[in-house]
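What follows is a set of notes on a single structure, which appears directly below.
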Ligand SMILES: *Cc1c(COP(=O)(O)O)cnc(C)c1O
């Protein structure tokens, strides 16, 4: 690897990134949908296949997770207008903001209360289906609620699942795997909150704790899976299945926006702001959104100033060959869901031609936004999930944001724009913890 100084000379933005200042980057490798998609190994059929699989599992999900019955076993979250927060943002950042503001509440997804209830659960289900089909417990035409039986749980108990996580992925995979009957081990990084570990232990999930960060937890999970026969490792750094599970969100979102009479077309651009850790969640969703909206959909990633791994990987083109620590950035953030020092290569390379840009946001700003959203909309999110909220402000005030709007001839369309902020987690945070977050934001806003 070149020495850091050489990289900074080549890409001056890295100067601010290394100083953990907030930055906004518009992606020079962004391409039109038609050109960008030609380079990819995944397509619309892969997403549809994932959607179909989730449909097959819906009767089972509805049976074992009663909170999903209202949607017939579909694990989905609402989209809500946030016009009071829109006003509040204009005031906070002293800048008028055009367009419509919507919040995608993955914070309130059933089962595990975060975006990980998409990819994480999907991959466990896919693995379970593969095993059950292979061993004659199931055919694709069966009602999958038959999996909720002593016989099937006994069958699955011969198999184990392992995963490395900062908390939320472990929560999703742990809950789903345990429900099916799998033996499951979650390797938790130092960031993982005690309440998440306690919750999983109460469901019989094995927890292994590390004092190191997420990359170490993943590495150890991978090792466990290699040494144990019948152990399946869910690889957050490389998994196509996780990615496709997340991508299904886009197909459903399209329907939700239509139901809300929200138009997305040539004159009504859609901007989406996605909090990013290792990249699978936001990458999968962005991939799906580009399939749905092509050049009318503009996706931006948001990362903490202390964990900008995806941005570092994209700017340098090094992807997983670089960590924020190698650039002297500590990867310590209150946004525990985003506390990742090394990004996914698979996601970085897949998203490279599709992503409009990316920005970083400080922890203090996340807490202020947490409190502001609670005050204006009565919606409580975990710190990570606020990273997207500041996106429209960044886009319209930062130099590279304004240039992006200019270059893509969007300036006079901004009044018709739809800003969709992806709220990625929070509904399962214990009340006392949420209260501390809220008070922190109050203090910082004074
Ligand atoms: C995991 C997570 C993300 C980001 O997903 P990645 O796949 O790690 O990029 C965003 N927000 C929350 C709350 C998360 O738990």
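Residue numbers (the numbering used here): 669 to 1114. Every residue, glycine too, gets a C-beta built ideally from N, C-alpha and C. Keep in mind the model is a prediction, meaning the values are calculated, not measured.
Listed in chain order, the beta strand (DSSP E) elements of length 3 or more contained wholly in the region 1028-1099 are 1086-1091. Cβ-Cβ distances below 8 Å link residue 1068 to 692, 693, 694 and 1025 in the same chain, with the five nearest sequence neighbours on each side left out; the list follows chain order. Under the 8 Å Cβ criterion, the region 716-729 does not count as touching the region 992-1000, having fewer than three qualifying pairs.
Residue environment: residue 859 is assigned as buried (16 or more neighbouring CB atoms within 10 Å of its CB, all protein chains considered). For residue 1063, the closest of 1075, 884 and 1052 by C-alpha to C-alpha distance is 1075. Taken through DSSP and simplified to helix, strand or coil, residue 1025 comes out as strand.
Going by beta carbons, residue 715 and residue 912 fall inside the 9 Å limit. Going by C-alpha positions, residue 815 is about 10 Å away from residue 727.
If you look at residue 678, you'll find it in the alpha helix (DSSP H) that goes 672-678.
CA-CA distance, residue 772 to residue 782, rounds to 11 Å. Taking 8 Å as the cut-off, the C-beta of residue 1052 counts as close to a heavy atom of ligand 1. In this structure, the beta-carbon distance from residue 937 to residue 964 falls below 9 Å.
Shown here, residue 875 sits in a strand according to DSSP, grouped into three states. Residue 770 and residue 804 have their alpha carbons spaced roughly 45 Å apart.
Distances from the CB of residue 682 to the heavy atoms of ligand 1 are all 8 Å or more. Where residue 949 is concerned, there is no enclosing beta strand (DSSP E), although the alpha helix (DSSP H) around it starts and stops at 948-961. Around the Cβ of residue 751, a 10 Å sphere holds fewer than 16 other Cβ atoms; the residue is exposed. Boundaries for residue 936: no alpha helix (DSSP H) harbours it, and the DSSP string shows neither H nor E there.
Between the beta-carbon of residue 1090 and that of residue 953 there is about 7 Å, and that keeps the pair under the 8 Å contact cut. Judged by DSSP secondary structure, residue 829 falls outside any alpha helix (DSSP H) and instead within the beta strand (DSSP E) spanning 828-833. Boundaries of the alpha helix (DSSP H) around residue 868: 862-870.
In the DSSP assignment, residue 757 falls outside any beta strand (DSSP E) and lies within the alpha helix (DSSP H) extending over 751-760. In the displayed model, residue 771 falls within a strand according to three-state DSSP. About 7 Å separates the beta carbon of residue 689 from that of residue 973, a gap short enough to meet the 8 Å contact definition.
When C-alpha distances from residue 791 are compared across 700, 845 and 808, the shortest belongs to 845.
Annotation for residue 776: no beta strand (DSSP E) segment contains it, and DSSP assigns it neither H nor E.
Here the alpha carbons of residue 729 and residue 872 stand approximately 19 Å from one another.
Taking 9 Å as the cut-off, the beta carbon of residue 857 is found closer than this to the beta carbon of residue 834. Within the same chain, 786, 787, 949, 952 and 953 come within 6 Å of residue 914 by CB-CB distance, once the 5 residues on both sides are set aside. For residue 948, the CB falls within less than 8 Å of some heavy atom of ligand 1. Assigned with DSSP and collapsed to three states, residue 690 falls in coil, not helix or strand. Shortest Cα-Cα distance from residue 1007 to any of 920, 1070, 882 and 1050 involves 882. Judged by DSSP secondary structure, residue 900 falls within the beta strand (DSSP E) whose first and last residues are 899-902.
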